[in-house]
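Colleague: So in our numbering, the last one in the sequence shown is 117, and the numbering has no gaps at all.
Virtual Cβ for every residue (Gly too), placed ideally from N, Cα, C.
Only a predicted model underlies this, so the values are computations on that prediction, with no experimental measurement involved.
Input: one structure, supplied below.
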Amino acid sequence: MHNFEKLIFWKKSIELAKKVYLATTEISSDEKYGLISQIKRASVSIPSNIAEGSGRNSNKEFSHFLAISLGSAFELQTQLILMKELNMLNYEKVDELINDLVEIQKMIYSFKNNLK
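Structure (structure tokens):
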């Protein structure tokens, strides 16, 4: 069992989720149940799966949840790219979110590989 609260990539993913929530408040409410809802869910899924996996009984199970977390991270990256291309958020804000996200993806991937 791992203490997820001590994992840097969990902390960074919590910060990213907060940034995503704040950034999406600028989007019109007619998008509330479309892309914005998916983006929020994906951003929360990243730290949630890290936390859930950390409480599992084996590194194999933890690795599985890290893989799910990575999947959510790539889903979020795709959605942010789409928002950028649709001009729903300013480019600088989206680029900052994506840069944070790529850093988290690399950290999760590295940690996952070291669990084996």
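LYS19: buried (16+ other C-beta within 10 angstroms of its C-beta) or exposed?
Modeller: It counts as exposed.
Colleague: Using 8 Å for Cβ pairs, my map puts ILE51 next to SER14. What's the rounded Cβ distance?
Modeller: Contact holds; Cβ gap of about 7 Å.
Colleague: Are there 16 or more other CB atoms within 10 angstroms of the CB of SER111, so buried, or fewer, so exposed?
Modeller: It is exposed - the Cβ of SER111 has fewer than 16 other Cβ atoms within 10 Å.
Colleague: Short of 8 Å in beta carbon distance, which residues of its chain neighbour ILE105, apart from the five on each side in sequence? Order them along the chain.
Modeller: PHE10, LYS13, SER14, LEU17, ILE47, ALA74.
Colleague: Give the straight-line distance between the Cα atoms of LYS41 and LYS117, rounded to the nearest whole angstrom.
Modeller: Taking the straight line from one Cα to the other gives about 31 Å.
Colleague: In this structure, does DSSP put TYR26 in helix, strand or coil?
Modeller: Residue identity differs from the one stated: residue 26 is Thr in this sequence, not Tyr. Reduced to three states, the DSSP call for THR26 is coil.
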